[in-house]
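>
Okay, here's the thing in structure tokens:
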């Protein structure tokens with residue numbers, strides 16, 4: 029076409045003259061436009077072929093007529109992970125699984141010889157290093173003379189299909205074998221099996237059953253065949269049974285269907301069924317899984333108990349830390365207010381306000397003690413406690429606390445052995461339980477407090493160890509708790525009393541106390557039925573001693589020497605220093621254990637060391653050991669806001685924050701000789 033560029037093949041040859049030098053050029057031109065277009069079309073066709081060959085899932089390969097492999101698409105190399113060209117010729121022989129090699133090559137040689145299509149399943153080495161099942165297919169292409177010009181083939185991954193087929197074949201073989209065996213021994217199996225075999229009509233009546241039915245349900249065969257099976261199903265399972273029957277009517281096989289069937293004794297047995305419909309009947313095989321169900325329920329209960337324990341432990345750690353900080357805050361508050369009260373500072377009205385503030389601070393101290401008791405960080409002093417005497421002694425206080433609308437009854441077993449408990453904490457726990465009971469009886473009612481001796485031998489709801497216990501029970505006739513409330517009853521800060529009417533720590537504190545003492549707490553409650561709380565306390569082998577009330581140490585202003593006071597909280601140091609000064613000491617302060625040791629090594633000669641326990645860096649117990657190494661006779665008092673024993677050796681006297689001057693004086697008096705004899 030005019031104006032269209034064309035391709036030319038030009039050959040130019042020089043022609044020499046008589047002198048032997050080139051004089052002319054001979055040019056021969058040939059139009060090769062058509063050839064160029066054909067080459068471009070061929071390249072485009074090859075590119076399209078490569079794009080198609082590399083985009084499909086199959087591995088594509090091609091060989092010469094003699095079977096020499098000279099082409100593999102990219103999918104082959106991606107699948108096998110081998111380098112390009114490494115499997116040309118017969119090199120792909122190494123890709124077969126050794127067990128499949130001879131069979132695959134035998135079929136391939138047959139196809140090469142006959143021209144018949146090649147079809148084989150074998151295992152091919154995958155890039156992962158494992159062998160995977162593939163299906164290989166190939167067809168020959170013949171030329172115009174009918175001779176084989178090339179072979180084109182594919183490999184398709186069928187690994188999952190083969191595995192599924194093997195499983196199916198094995199299942200089929202097993203089923204056939206099982207059917208044969210069962211057919212041969214059906215009567216024996218029918219008679220001796222512990223599983224339930226039955227033929228049942230869709231009308232709900234049994235047509236045939238094996239002897240296992242009599243053993244499982246405690247009824248003879250005639251009785252069972254006369255009953256409507258549906259009437260023996262637990263009412264709570266009727267809906268599920270109806271849905272199961274609908275599936276059977278649609279011709280579906282039902283597996284692992286579980287329901288409860290009535291036993292002759294009135295109880296229920298869990299049965300797991302496999303049911304197959306056939307015409308107007310269905311065949312059923314059932315297995316009694318009652319024990320498995322009970323074990324599963326126990327496992328779930330144990331897992332729930334573990335989750336609850338972990339939650340309580342986390343809350344305990346959080347609560348203990350908060351209580352520790354509160355103790356550090358309350359120490360200077362109570363100490364300062366106590367000093368103002370002792371010195372009678374202010375007018376009468378101001379003294380009343382100071383007294384009120386001190387009472388509020390003491391109530392806050394009690395709340396912190398509850399927090400620590402829940403967190404199991406309140407130090408217990410377990411002794412032999414006469415529970416009957418304690419309850420008798422508190423009956424009047426409880427009665428006046430609960431008010432005239434509540435009748436308090438006490439029922440104490442005779443000759444109760446002592447319990448191992450902390451007297452003060454047990455009193456607080458009993459009072460908490462009584463107050464909770466009062467709040468559950470807004471219109472009045474009866475509160476019963478009883479105590480008796482119990483022995484635990486096997487499993488116990490409170491996970492008690494075998495042994496002897498004092499059971500202290502507090503029961504009310506109040507509104508009771510539903511299942512959801514009961515499940516959260518001992519959670520810290522959980523309360524049903526409304527904002528401002530409770531801390532949510534009462535039952536948590538009692539629960540923590542019981543756990544610390546090696547006992548337990550159980551709660552039985554239902555809406556409208558009241559609540560019964562049982563506190564289990566280990567019996568004590570010790571003898572109950574007489575109450576000893578320590579006389580408060582007499583405060584003296586005589587010079588008693590130098591006290592080295594160590595605390596990282598400035599306000600705590602300031603308050604404690606004032607108390608020590610009132611006790612007659614000159615006070616040297618340090619805000620860390622390291623500074624205190626530096627002062628001692630620098631020449632200060634204290635007559636008393638008062639140190640906080642938990643501080644950044646070295647703690648109080650370690651400071652006490654270091655100070656004693658320098659001054660063996662140095663009296664030491666360790667103060668702790670956590671009030672926990674861990675990390676504090678038994679030989680170190682301890683004082684719990686917050687404290688008043690009298691408590692500090694008593695502790696100091698036990699450590700240092702009085703200056704006035």
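In this note's numbering, the protein residues as written are 29 to 705.
No residue lacks a Cβ here, since even glycine has one placed at the ideal position from N, Cα and C.
Report yes if the C-beta distance between residue 657 and residue 664 is below 8 Å; otherwise report no.
Their beta carbons are not under 8 Å apart, which means residue 657 does not touch residue 664 by this criterion.
> Helix, strand or coil: which one does DSSP assign to residue 52?
Residue 52: strand per DSSP, three-state reduction.
> Report back the beta-carbon spacing between residue 262 and residue 288 to the nearest angstrom; my notes put them in contact at under 8 Å.
Contact holds; Cβ gap of about 4 Å.
> On the DSSP bridge assignment, give the partners of residue 230 in chain order.
Paired residue(s): none; residue 230 is not in a bridge.
> Between the beta-carbon of residue 641 and the beta-carbon of residue 676, is there less than 8 Å?
Yes. Within cutoff.
> Once DSSP output is grouped into helix, strand and coil, what is the label at residue 312?
Looking at residue 312 - three-state DSSP - the assignment turns out to be strand.
> DSSP three-state call for residue 96: helix, strand or coil?
If DSSP states are grouped into helix, strand and coil, residue 96 belongs with coil.
> Please say whether residue 545 and residue 448 have beta carbons closer to each other than 8 Å?
Their beta carbons are under 8 Å apart, which means residue 448 touches residue 545 by this criterion.
> Indicate whether residue 150 and residue 162 have their beta-carbon atoms separated by less than 8 Å.
A contact, by the Cβ cut-off of 8 Å.
> Exposed or buried, what is residue 196 when buried is set at 16 or more other beta-carbons lying within 10 Å of its beta-carbon?
So residue 196 counts as exposed.
> Just the C-alpha distance for residue 317 and residue 188, rounded to the nearest angstrom, thanks.
Approximately 35 Å between the Cα atoms of the pair.
> List the whole-angstrom C-beta distance separating residue 257 from residue 277, where the pair is believed to meet the contact cut-off of C-beta under 8 Å.
With a Cβ gap of about 16 Å, residue 257 and residue 277 do not count as contacting.
> Go ahead and label residue 393 buried or exposed: buried means 16 or more other beta carbons lie within 10 angstroms of its beta carbon, across all protein chains shown.
The residue in question, residue 393, is buried, as its Cβ has 16 or more Cβ neighbours within 10 Å.
> Do residue 101 and residue 121 have their beta-carbon atoms positioned less than 8 Å apart in this structure?
No, the pair does not count as a contact, with Cβ atoms beyond the cut-off.
> Of the choices 232, 443, 667 and 411, whose alpha-carbon is the least far from that of residue 600?
It is 667 whose Cα lies nearest to the Cα of residue 600.
> Here's the rule: buried if 16 or more other CB atoms are within 10 angstroms of the residue's CB, otherwise exposed. What is residue 107?
Under this definition residue 107 is a buried residue.
> Nearest-angstrom Cα distance between residue 164 and residue 152?
Whole-angstrom Cα-Cα distance: 10 Å.
> Just the Cα atoms here: how many angstroms apart are residue 574 and residue 418?
The predicted position of residue 574 is uncertain, since its pLDDT is 47 and thus under 50; a value taken from the coordinates is nonetheless stated next. Answer to the nearest angstrom: the Cα atoms are 13 Å apart.
> Name the residue from 477, 373, 390 and 459 whose alpha carbon lies nearest to the alpha carbon of residue 440.
Ranking 477, 373, 390 and 459 by Cα distance to residue 440 puts 477 first.
> Report, in whole angstroms, the separation of the C-beta atoms of residue 505 and residue 473, which I expect to be a contact under 8 Å.
About 4 Å; that satisfies the 8 Å criterion.
> Name, in chain order, the residues that DSSP records as bridge partners for residue 148.
Paired residue(s): 164.
> Whose C-alpha, out of 119, 230 and 327, is nearest the C-alpha of residue 279?
For the residues 119, 230 and 327, the minimum Cα distance to residue 279 belongs to 230.
> Nearest to residue 479 by CA position, among 487, 499, 613 and 493, is which residue?
Comparing Cα-Cα distances from residue 479 to each of 487, 499, 613 and 493, the minimum goes to 499.
> If contact is defined by three or more beta carbon pairs under 8 Å, each pair taking one atom from either stretch, is the stretch 241-260 in contact with the stretch 203-212?
Short answer: they don't touch.
> Taking contact to mean 3 or more Cβ pairs, one atom from each stretch, closer than 8 Å, check whether the stretch 614-631 and the stretch 642-651 are in contact.
Yes, the stretch 614-631 touches the stretch 642-651.
> What does DSSP give as the partner residues of residue 37 in its beta bridges?
Paired residue(s): 58.
> Short check: CB of residue 391 to CB of residue 434, under 8 Å?
No, the Cβ-Cβ distance between residue 391 and residue 434 is not below 8 Å.
> With a CB to CB cut of under 8 Å and the five nearest residues on each side skipped, what residues in its chain are close to residue 293?
Contacts found: 246.
> Starting from the C-beta of residue 186, find all residues in its chain whose C-beta is less than 8 Å away, skip the five residues before and the five after it, and write them out in chain order.
For residue 186, where only same-chain residues beyond five positions count, the Cβ hits under 8 Å are 149, 161, 162 and 163.
> To which residues of the same chain is residue 494 closer than 6 Å at the C-beta, ignoring the five residues directly before and after it?
Closer than 6 Å at the Cβ level, and outside the excluded window around residue 494, lie 484 and 485.
> With residue 560 as the anchor, note down where its alpha helix (DSSP H) starts and where it stops.
Counting along the chain, residue 560 falls outside any alpha helix (DSSP H), though it belongs to the beta strand (DSSP E) covering 558-566.
> I believe residue 611 touches residue 696 by the beta-carbon criterion, under 8 Å. Please report the beta-carbon distance rounded to the nearest angstrom.
With a Cβ gap of about 6 Å, residue 611 and residue 696 count as contacting.
> Taking only three categories from DSSP, how would you classify residue 87?
Here residue 87 sits in strand by DSSP.
> Cα-Cα, which of 265, 236 and 264 is closest to residue 251?
Of the listed residues, the one whose Cα sits closest to residue 251 is 236.
> I'd like the span of the beta strand (DSSP E) that includes residue 496, first residue to last.
Residue 496 -> beta strand (DSSP E) spans 495-504.
> Between residue 386 and residue 373, is the Cβ-Cβ spacing less than 8 Å?
No. Outside cutoff.
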